[in-house]
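Residue numbers (my numbering): 6 to 224.
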C-alpha cells in the first residue's frame with residue numbers, strides 16, 4: 006500500500022517530488038555562489054580568516070543575505086519531500102520537524118546581520134548569533150533522527166552511514182566552535198567546513214530524492 010501510494014503521488018504530470026527535490030538541489034548551490042561572489046568581490050576579505058556572516062557588512066552584503074534567505078526557504082520546501090518519501094520510524098517526525106526549524110533558522114541568519122567585530126552588541130546581532138548556534142546544533146540531532154529511518158527504507162539505506170558520519174562531524178565541529186576565538190586566523194575556513202558538511206548532506210539527499218522521483222515517473 007505504501008509503495009503504491011508513493012508511486013501515485015510522484016508519478017503525476019507535475020512530478021511533485023521532483024519539484025521538491027530541486028529545491029534541495031538548488032538551495033545549497035545558490036548559497037555557495039552567493040558566498041563565493043561576495044567574498045571575491047570584497048577587497049581585503051579572506052575566506053580563510055573572516056566569517057561568512059561578516060560579508061553582510063560588505064558592499065555585496067545584499068548578495069550574502071539573499072544566499073541565506075534562499076537556502077533557508079528552499080530547505081523548508083525540500084523537507085516536505087523527505088517527509089512524504091521516507092518510510093518513517095520512531096523519531097522521524099521529530100527529525101523532520103527539527104530540519105524544518107533548521108531551515109527557518111537560516112532565514113533568521115539572513116534577515117538579521119551579525120554585529121561587526123569590536124562593536125557593541127545589538128538586538129539584531131544577538132538574534133543572528135543565537136540563530137547561528139541554534140541551527141548548527143539542531144542539524145546533527147535532526148539528521149541523526151532521520152538516519153534511523155533511512156536504515157529501514159530500501160530506497161534510502163545507502164545513505165545511512167553517510168548521514169551518521171555527517172551528524173557526528175556536525176556535532177563535533179559545533180562543539181569545537183564553542184571554544185574557538187573569533188579572531189582565530191583560520192576561523193573562516195573552520196566555519197566553512199562546518200557549513201559545507203551540512204549543505205553537502207542536503208545536496209546528496211536532494212539528488213537521491215530527485216532520482217527516485219524521476220525513476221518512479223517512468224512507470
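Note that the Cβ used here is the ideal one computed from N, Cα and C, for glycine as well. Since the model is a prediction, treat every value here as computed from it, not as a measurement.
DSSP three-state assignment for residue 188, whether helix, strand or coil: coil
Apart from the five residues on each side of it in sequence, which residues of its chain come closer than 7 Å, Cβ to Cβ, to residue 162? 155, 156
What is the rounded straight-line gap between the Cα of residue 219 and the Cα of residue 23? 7 Å
Is residue 126 buried or exposed, if buried means 16 or more other CB atoms sit within 10 Å of its CB? exposed
State whether the stretch 139-156 contacts the stretch 175-186, with contact taken as three or more CB pairs (one from each stretch) at a distance under 8 Å. yes
Distance check for residue 78 and residue 104, CA to CA, integer angstroms please. 12 Å
Sorted by chain position, which residues of the same chain lie with C-beta nearer than 7 Å to residue 39's C-beta, five sequence neighbours on each side aside? Closer than 7 Å at the Cβ level, and outside the excluded window around residue 39, lie 68, 69, 71, 72.
For residue 133 and residue 58, which I take to be in contact (beta-carbon distance under 8 Å), what is that distance rounded to the nearest angstrom? 7 Å
Buried or exposed: which applies to residue 148, given that a residue is buried once 16 or more other Cβ atoms fall within 10 Å of its Cβ? By the 10 Å Cβ count, residue 148 comes out buried.
Label residue 80 either buried or exposed according to how many other C-beta atoms from any shown protein chain fall within 10 Å of its C-beta, with 16 as the threshold for buried. It counts as buried.
Here's a check: name, in chain order, each residue in its chain whose Cβ is nearer than 6 Å to the Cβ of residue 99, leaving out the five neighbours to either side. Correct list, in chain order: 150.
Check whether the Cβ atoms of residue 204 and residue 36 lie closer than 8 Å to each other. yes
Where the alpha helix (DSSP H) containing residue 175 begins and where it ends: 165-182
Of the residues 206, 109, 129, 75, the one placed nearest residue 169, counting alpha carbons only: 206
Whole-angstrom distance between residue 190 and residue 210, CA atom to CA atom: Note on geometry: alpha-carbon atoms of residue 210 and residue 190 lie some 33 Å from one another.
Counting only beta-carbon separations shorter than 8 Å, does residue 141 have a partner in chain C? In the structure shown, chain C cannot be found, because there is only a single protein chain.
Measuring straight from C-alpha to C-alpha, what distance separates residue 51 and residue 158? Going by the C-alpha atoms only, they are around 43 Å apart.
Burial state of residue 84, where buried means 16 or more other Cβ atoms lie within 10 Å: buried
Residue span of the alpha helix (DSSP H) that contains residue 146, given as start and end: 128-155
Looking only at its chain, what residues have a beta carbon closer than 6 Å to the beta carbon of residue 46, apart from the 5 residues adjacent to it on each side? 65
Do the CB positions of residue 195 and residue 183 come within less than 8 Å of each other? Not in contact: residue 195 and residue 183 (Cβ atoms no closer than 8 Å).
Count the other CB atoms, across all protein chains shown, that sit within 10 Å of the CB of residue 26; report buried if there are 16 or more and exposed otherwise. That one is buried.
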